[in-house]
Amino acid sequence: MFNHKSILITGGTGSFGKQFIRTLLAKYQPSRVVVFSRDELKQFEMQQEFNAPCMRYFLGDVRDAARLKQAMRGIHFVVHAAALKQVPAAEYNPTECIRTNVNGAENVINAAIENGIEKVIALSTDKASSPINLYGATKLLSDKLFVAANNMVGDHPTRFAVVRYGNVVGSRGSVVPFFKQLIHNNADHLPITDPRMTRFWITLQHGVEFVMQGFARMYGGELFVPKIPSVRITDLALAMAPDLSQKIIGIRPGEKLHEMMISRDDSLHTLEFHDHYVITPSIQFVAARDFSMNGLSEQGVLVEQGFKYVSDQNEHFLSVPELQSMDQATL
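Counting in this note's numbering, the sequence shown runs from 101 upward without gaps.
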């Protein structure tokens, strides 16, 4: 569906943006791919790898509404990946996080509607479900904005959806490269915030493919959640460095023991499909939509009331041998 189309990725120089573009260029023939980000050095470095004739690099910040509107001219699809994501940094710099994650989301929505974008998918996080930290709270607000935007479009064709998933293996700021660096530096132990801690586990490529499928599946207003395994942080440390001891250092500000992607309250509006869930809008849209059959003709069924999707109660946990058997490029 991306052949001969123009695609813009906000925050396109991040881990997700690079893998999304790498996959896009390998599988499709887009007419234009626009990387929208504020870091000129990262854009310069990215141009060394991604220099196909269709590539465009726009310096800009999602806080800048006018620049976003300019960048989206002639675009068909938008992936909104730009965000301030570090939990402790958000706790200490709340207004900066709000300006990017909430005000920036509103700017993306307005620019998309004004330019007649066909479809927009915003990336969310498990931390947006029942949030206890500022980052999660801002992403919950962003999710709500993107869902409600489908009621704001009027006679414009633009439709909005959200993809929510857990920690991405190997992405910048995640625990895997942090552990890798410590191991490389011959550390004598790996720091563990809490031995009970669990996390959802998704590879960067799986996340990219799930977002791409979302464009084909979406009608507008859905919040897509993939079915993915969980991992115990102690098992991950053991798999990566079986000979190193583990030292408990305590939970960081705003950090959860376990991550949730679907809460009990969400269960009233959640459909289960074969490989994912969809949280449908709790608000009534002007044009009623049956979300139980998606754009790929996949059939979903309503989950039981009280269902929740939490990392410590997942049916599928990755074992230490499974983690060790993974490609080291993934770990």
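Backbone N, C-alpha and C define an ideal beta-carbon position, used for all residues, glycine too.
The structure displayed is predicted, hence computed values, not measured ones.
*For the beta strand (DSSP E) that A157 lies in, which residues bound it at each end?*
Before going on, a small fix: residue 157 reads as Tyr here, not Ala. In the DSSP annotation of this structure, the continuous segment of the beta strand (DSSP E) that includes Y157 starts and ends at 155-159.
*Identify which residue in I217, A248, S397 has its Cα closest to the Cα of L323.*
Here the closest residue by C-alpha is A248.
*Which residues in the same chain have their Cβ closer than 7 Å to the Cβ of D139, if we skip the five residues on either side of it in sequence?*
Sequence-distant Cβ neighbours of D139 in its own chain, meaning closer than 7 Å and more than five residues away, are T113.
*Per DSSP, the bridge partner or partners of N329*: Looking at the sequence itself, residue 329 is Pro, so the reference to Asn does not match. DSSP lists no partner for P329.
*asked:* Judging by CA-CA distance, which residue of D390, F260, D164, F116 is the nearest neighbour of I217?
replied: Per the Cα distances, F260.
*Closest by CA to A387, which one among L336, G160, D255, L423?*
Of L336, G160, D255, L423, the residue nearest in Cα terms is D255.
*Is it true that the stretch 270-289 meets the stretch 233-245, where meeting means three or more beta-carbon pairs spaced less than 8 Å apart?*
They do not touch, by the three-pair rule.
*Can the beta-carbon of E359 be found closer than 8 Å to that of S392?*
Cβ atoms of E359 and S392: not closer than 8 Å.
*How would you label T195, buried or exposed, when you count the other beta carbons within 10 angstroms and need 16 or more for buried?*
Classification of T195: exposed, given that the 10 Å Cβ count is below 16.
*Could you give the residue range of the beta strand (DSSP E) that holds I232?*
Neither: I232 is in no beta strand (DSSP E) and is coded neither H nor E.
*Determine the extent of the beta strand (DSSP E) in which R132 is found, giving its start and end residues.*
In the DSSP assignment, R132 falls within the unbroken beta strand (DSSP E) covering 132-137.
*Can you tell which of Y409, L402, P277, L371 has its C-alpha closest to the C-alpha of S330?*
If we check each option's Cα against that of S330, Y409 comes out closest.
*Taking the alpha-carbon positions, what's the I379 to A222 distance?*
Approximately 14 Å between the Cα atoms of the pair.
*Any idea if Q405 is buried or exposed, counting beta-carbon neighbours within 10 angstroms, 16 or more meaning buried?*
Taking all protein chains shown into account, Q405 has fewer than 16 neighbouring C-beta atoms within 10 Å of its C-beta and is therefore exposed.
_Tell me the DSSP secondary structure of H180 in three-state form._
When secondary structure is reduced to three states using DSSP, H180 falls in the strand class.
*asked:* Does chain D have any CB closer than 8 Å to the CB of F158?
replied: This model lacks chain D altogether; it includes just one protein chain.
_The beta strand (DSSP E) that contains K219, what's its start and end?_
Taken as a continuous stretch (DSSP letters only), the beta strand (DSSP E) holding K219 covers 219-223.
*Within 8 Å, strictly: CB atoms of V133 and A171*: Not a contact, by the Cβ cut-off of 8 Å.
*R199 to T334, Cα distance in whole Å?*
The straight-line gap from Cα to Cα measures roughly 35 Å.
*asked:* Any heavy atom of the ligand FAD inside 7 Å of the beta-carbon of Q281?
replied: The ligand FAD is not among the ligands present in this structure, which contains no ligands whatsoever.
*Give the straight-line distance between the Cα atoms of S345 and A205, rounded to the nearest whole angstrom.*
In a straight line, the C-alpha of S345 is about 42 Å away from that of A205.
*Go through its chain and collect everything with a Cβ distance to F438's Cβ below 7 Å, but skip five positions before and after it.*
Coverage of the chain is limited to positions 101 through 431, which leaves residue 438 absent and any answer about it impossible.
*When the Cα of K118 is compared with those of V275, G400, K327, L304, which residue comes out closest?*
Across the set V275, G400, K327, L304, the C-alpha of L304 shows the shortest separation from the C-alpha of K118.
*Just to confirm, are H376 and V325 a CB contact at a threshold of 8 Å?*
With contacts defined as CB atoms closer than 8 Å, H376 and V325 qualify as a contacting pair.
*asked:* Can you find the residues in the same chain that come closer than 6 Å, C-beta to C-beta, to H176, ignoring five residues on each side of it along the sequence?
replied: Result list for H176: K105, S106, E218, in chain order.
*Does the Cβ of F144 have 16 or more other Cβ atoms within 10 Å, making it buried, or fewer, making it exposed?*
Answer is exposed; the Cβ neighbour count stays below 16.
*Out of I121, S419, V179, point me to the one whose CA is closest to W301's CA.*
When each option's Cα is compared against that of W301, the closest is S419.
*Using DSSP with H/G/I as helix, E/B as strand and the rest coil, what is I302?*
If DSSP states are grouped into helix, strand and coil, I302 belongs with the strands.
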